[in-house]
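Before any comments, here is the structure.
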Amino acid sequence: MSPDDEAHTHDDHSNVGLTEPSSPGRTRSTIVPVALFLLTFLTTTASGAIQQHPAADFPWWQLLFPVAAIRPISDGLTYSVPLMLILLCHEFGHYFVARAHRVQASLPHFIPLPPLLGFGTMGAVIGMRQVTGDRRKLIDIGAAGPLAGLVVAVAAIIYGLSLSPIVPLSPGVWIEGNSILYGLLKFATKGAWLPGAADDVLLHPIARAG
130 MSPDDEAHTH
140 DDHSNVGLTE
150 PSSPGRTRST
160 IVPVALFLLT
170 FLTTTASGAI
180 QQHPAADFPW
190 WQLLFPVAAI
200 RPISDGLTYS
210 VPLMLILLCH
220 EFGHYFVARA
230 HRVQASLPHF
240 IPLPPLLGFG
250 TMGAVIGMRQ
260 VTGDRRKLID
270 IGAAGPLAGL
280 VVAVAAIIYG
290 LSLSPIVPLS
300 PGVWIEGNSI
310 LYGLLKFATK
320 GAWLPGAADD
330 VLLHPIARAG
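Just remember that the working numbering sits 129 ahead of the position in the sequence shown, which is counted from 1.
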(Lines of atoms letter the chains of each structure in order from A and count residues from 1; the text may use other names and numbers.)
(Lines give C-alpha, C1' and ligand atoms only; values in the text may rest on other atoms or scores of the structure.)
Protein backbone atom coordinates (compact mmCIF):
# COMPACT_ATOMS: atom_id res chain seq x y z
CA MET A 1 0.00 0.00 0.00
CA SER A 2 1.41 3.37 -0.98
CA PRO A 3 1.57 6.30 1.48
CA ASP A 4 -1.11 8.03 -0.55
CA ASP A 5 -3.37 5.00 -0.28
CA GLU A 6 -2.73 4.77 3.45
CA ALA A 7 -3.59 8.44 4.01
CA HIS A 8 -6.73 8.08 1.93
CA THR A 9 -7.77 5.06 3.97
CA HIS A 10 -7.33 6.98 7.21
CA ASP A 11 -9.41 9.86 5.85
CA ASP A 12 -12.16 7.44 4.85
CA HIS A 13 -12.24 5.93 8.32
CA SER A 14 -12.42 9.42 9.82
CA ASN A 15 -15.36 10.37 7.62
CA VAL A 16 -17.20 7.16 8.41
CA GLY A 17 -16.73 7.82 12.10
CA LEU A 18 -18.42 11.20 11.78
CA THR A 19 -21.42 9.96 9.80
CA GLU A 20 -22.15 6.53 11.23
CA PRO A 21 -25.58 5.92 12.83
CA SER A 22 -26.14 6.79 16.46
CA SER A 23 -24.57 4.43 18.94
CA PRO A 24 -26.66 2.62 21.59
CA GLY A 25 -25.38 5.15 24.13
CA ARG A 26 -26.72 8.04 22.09
CA THR A 27 -30.07 6.29 21.62
CA ARG A 28 -30.28 5.74 25.36
CA SER A 29 -29.48 9.41 25.95
CA THR A 30 -32.69 10.24 24.08
CA ILE A 31 -34.94 7.46 25.40
CA VAL A 32 -34.27 8.15 29.08
CA PRO A 33 -35.14 11.90 28.99
CA VAL A 34 -38.30 11.22 26.96
CA ALA A 35 -39.40 8.46 29.34
CA LEU A 36 -38.77 10.69 32.37
CA PHE A 37 -40.69 13.54 30.73
CA LEU A 38 -43.73 11.32 30.10
CA LEU A 39 -43.60 9.89 33.62
CA THR A 40 -43.32 13.38 35.13
CA PHE A 41 -46.22 14.58 32.98
CA LEU A 42 -48.32 11.75 34.45
CA THR A 43 -47.32 12.47 38.04
CA THR A 44 -47.95 16.22 37.72
CA THR A 45 -51.34 15.57 36.10
CA ALA A 46 -52.25 13.23 38.94
CA SER A 47 -51.03 15.80 41.46
CA GLY A 48 -53.18 18.49 39.86
CA ALA A 49 -56.22 16.22 39.94
CA ILE A 50 -55.67 15.41 43.61
CA GLN A 51 -55.28 19.11 44.49
CA GLN A 52 -58.61 19.85 42.80
CA HIS A 53 -60.48 16.92 44.31
CA PRO A 54 -60.10 16.17 48.04
CA ALA A 55 -59.60 12.53 48.90
CA ALA A 56 -63.08 12.32 50.42
CA ASP A 57 -64.63 13.26 47.07
CA PHE A 58 -62.13 11.62 44.75
CA PRO A 59 -60.00 8.61 45.78
CA TRP A 60 -56.65 9.05 43.98
CA TRP A 61 -56.60 5.42 42.89
CA GLN A 62 -59.45 6.17 40.49
CA LEU A 63 -56.81 7.70 38.21
CA LEU A 64 -56.04 4.10 37.26
CA PHE A 65 -59.49 3.80 35.69
CA PRO A 66 -59.79 6.24 32.76
CA VAL A 67 -63.60 6.25 32.54
CA ALA A 68 -64.04 7.09 36.23
CA ALA A 69 -61.25 9.66 36.13
CA ILE A 70 -62.08 11.67 32.99
CA ARG A 71 -63.13 14.79 34.90
CA PRO A 72 -60.30 14.67 37.47
CA ILE A 73 -57.72 14.09 34.73
CA SER A 74 -58.98 17.06 32.71
CA ASP A 75 -58.73 19.18 35.87
CA GLY A 76 -55.23 17.85 36.45
CA LEU A 77 -54.16 18.91 32.96
CA THR A 78 -54.94 22.55 33.73
CA TYR A 79 -52.16 22.30 36.32
CA SER A 80 -49.67 19.94 34.66
CA VAL A 81 -49.57 21.49 31.16
CA PRO A 82 -48.50 25.00 32.26
CA LEU A 83 -46.16 23.59 34.91
CA MET A 84 -44.39 21.31 32.43
CA LEU A 85 -44.22 24.13 29.88
CA ILE A 86 -42.50 26.37 32.44
CA LEU A 87 -40.00 23.63 33.29
CA LEU A 88 -39.38 22.87 29.61
CA CYS A 89 -38.65 26.51 28.83
CA HIS A 90 -36.36 26.76 31.86
CA GLU A 91 -34.31 23.68 30.99
CA PHE A 92 -34.18 24.30 27.25
CA GLY A 93 -33.08 27.85 27.98
CA HIS A 94 -29.97 26.31 29.54
CA TYR A 95 -29.70 23.70 26.78
CA PHE A 96 -29.91 25.94 23.72
CA VAL A 97 -27.58 28.61 25.12
CA ALA A 98 -25.09 25.89 26.05
CA ARG A 99 -25.23 24.56 22.50
CA ALA A 100 -24.88 28.09 21.12
CA HIS A 101 -21.65 28.39 23.12
CA ARG A 102 -20.55 24.97 21.80
CA VAL A 103 -20.81 23.41 25.23
CA GLN A 104 -21.98 19.81 25.10
CA ALA A 105 -25.20 19.39 27.10
CA SER A 106 -27.66 16.56 27.64
CA LEU A 107 -31.39 16.79 27.10
CA PRO A 108 -33.35 17.73 30.26
CA HIS A 109 -33.92 14.88 32.71
CA PHE A 110 -37.19 15.47 34.57
CA ILE A 111 -37.58 14.20 38.12
CA PRO A 112 -41.02 12.70 38.86
CA LEU A 113 -42.40 12.78 42.37
CA PRO A 114 -45.28 10.67 43.72
CA PRO A 115 -48.44 12.80 43.36
CA LEU A 116 -49.41 12.48 47.01
CA LEU A 117 -46.13 14.11 48.10
CA GLY A 118 -46.69 17.51 46.51
CA PHE A 119 -46.25 19.02 43.08
CA GLY A 120 -45.68 15.77 41.18
CA THR A 121 -42.11 16.74 40.26
CA MET A 122 -38.85 17.93 41.74
CA GLY A 123 -37.97 19.83 38.57
CA ALA A 124 -35.38 18.79 36.01
CA VAL A 125 -31.64 18.78 35.44
CA ILE A 126 -29.31 18.78 32.45
CA GLY A 127 -25.78 17.47 32.28
CA MET A 128 -22.96 19.56 30.81
CA ARG A 129 -19.28 19.13 30.31
CA GLN A 130 -17.27 21.37 32.58
CA VAL A 131 -16.81 24.89 31.21
CA THR A 132 -13.47 26.36 32.27
CA GLY A 133 -11.84 29.68 31.64
CA ASP A 134 -14.88 31.51 30.32
CA ARG A 135 -17.01 33.17 32.98
CA ARG A 136 -19.28 34.78 30.39
CA LYS A 137 -20.34 31.37 29.07
CA LEU A 138 -21.19 30.23 32.58
CA ILE A 139 -23.25 33.36 33.25
CA ASP A 140 -25.08 33.11 29.93
CA ILE A 141 -25.92 29.44 30.39
CA GLY A 142 -26.91 29.87 34.03
CA ALA A 143 -29.14 32.89 33.43
CA ALA A 144 -30.87 31.65 30.29
CA GLY A 145 -32.95 29.01 32.08
CA PRO A 146 -34.53 31.17 34.81
CA LEU A 147 -35.21 34.00 32.36
CA ALA A 148 -36.92 31.71 29.84
CA GLY A 149 -38.96 30.03 32.57
CA LEU A 150 -39.87 33.37 34.16
CA VAL A 151 -41.49 34.66 30.96
CA VAL A 152 -43.82 31.66 30.77
CA ALA A 153 -44.44 31.61 34.53
CA VAL A 154 -45.52 35.26 34.59
CA ALA A 155 -47.83 34.66 31.62
CA ALA A 156 -49.34 31.64 33.39
CA ILE A 157 -49.87 33.61 36.62
CA ILE A 158 -51.53 36.51 34.82
CA TYR A 159 -53.88 34.23 32.89
CA GLY A 160 -54.52 32.04 35.92
CA LEU A 161 -55.29 35.04 38.14
CA SER A 162 -57.80 36.27 35.55
CA LEU A 163 -59.63 32.96 36.05
CA SER A 164 -59.33 33.01 39.85
CA PRO A 165 -62.33 34.27 41.86
CA ILE A 166 -62.08 36.53 44.90
CA VAL A 167 -63.63 34.74 47.86
CA PRO A 168 -64.25 35.58 51.53
CA LEU A 169 -61.62 34.37 53.95
CA SER A 170 -62.77 31.59 56.23
CA PRO A 171 -62.14 32.01 59.97
CA GLY A 172 -58.74 30.68 60.99
CA VAL A 173 -57.49 30.33 57.41
CA TRP A 174 -53.80 30.79 56.62
CA ILE A 175 -53.10 33.79 54.36
CA GLU A 176 -50.46 33.33 51.66
CA GLY A 177 -47.55 35.71 51.49
CA ASN A 178 -46.95 37.95 48.49
CA SER A 179 -43.72 38.67 46.69
CA ILE A 180 -43.55 42.16 45.20
CA LEU A 181 -44.03 40.80 41.67
CA TYR A 182 -46.91 38.53 42.69
CA GLY A 183 -48.62 41.34 44.59
CA LEU A 184 -48.33 43.63 41.57
CA LEU A 185 -49.74 40.95 39.26
CA LYS A 186 -52.68 40.48 41.63
CA PHE A 187 -53.32 44.20 41.64
CA ALA A 188 -53.04 44.39 37.84
CA THR A 189 -55.57 41.60 37.30
CA LYS A 190 -57.96 42.24 40.21
CA GLY A 191 -57.65 45.99 40.78
CA ALA A 192 -57.09 45.57 44.51
CA TRP A 193 -54.29 44.72 46.94
CA LEU A 194 -54.92 41.16 48.05
CA PRO A 195 -55.25 39.49 50.44
CA GLY A 196 -57.54 42.04 52.01
CA ALA A 197 -58.96 42.15 55.49
CA ALA A 198 -61.73 39.72 54.62
CA ASP A 199 -61.05 38.26 51.17
CA ASP A 200 -58.39 36.82 48.90
CA VAL A 201 -57.98 35.08 45.56
CA LEU A 202 -58.86 31.40 45.23
CA LEU A 203 -56.11 30.36 42.84
CA HIS A 204 -56.97 28.63 39.60
CA PRO A 205 -54.69 25.63 38.83
CA ILE A 206 -52.97 27.57 36.02
CA ALA A 207 -52.00 30.33 38.45
CA ARG A 208 -50.89 27.73 40.99
CA ALA A 209 -48.62 26.15 38.37
CA GLY A 210 -47.01 29.53 37.71
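The beta-carbon is built from N, C-alpha and C at its ideal position, and this holds for glycine as well.
Please read these numbers as outputs of a predicted model, since none were measured by experiment.
- Per DSSP, reduced to three states, the secondary structure at G289 is helical.
- Assigned with DSSP and collapsed to three states, D263 falls in coil, not helix or strand.
- I335 and S293 have their alpha carbons spaced roughly 9 Å apart.
- The C-alpha of I270 is placed about 37 Å away from the C-alpha of G320.
- Within the DSSP secondary-structure output, D204 pairs in no beta bridge.
- Contact holds between the segment 175–182 and the segment 199–213, because three or more Cβ pairs, one in each stretch, are under 8 Å apart.
- For G278, the secondary structure class from DSSP, reduced to helix, strand or coil, is helix.
- The DSSP-derived three-state label of A234 is strand.
- Per the Cβ contact rule, the segment 213–232 is in contact with the segment 245–258 (3 or more Cβ pairs under 8 Å).
- A straight-line Cα-Cα distance of about 41 Å links S158 and I309.
- When DSSP states are grouped into helix, strand and coil, A326 belongs to the coil group.
- Contact annotation: F170 and M213 have beta-carbon atoms nearer than 8 Å.
- H238 is positioned such that its CB atom lies no closer than 8 Å to that of G289.
- Looking only at V330, W322, A285 and A272, the smallest Cα-Cα distance to S299 is reached by V330.
- Boundaries for A253: no alpha helix (DSSP H) harbours it, while the beta strand (DSSP E) harbouring it runs T250 to V254, taken from the DSSP string.
- For P243, no alpha helix (DSSP H) encloses it, and the DSSP letter there is neither H nor E.
- According to DSSP, residue pairing for M257 in a beta bridge involves A234.
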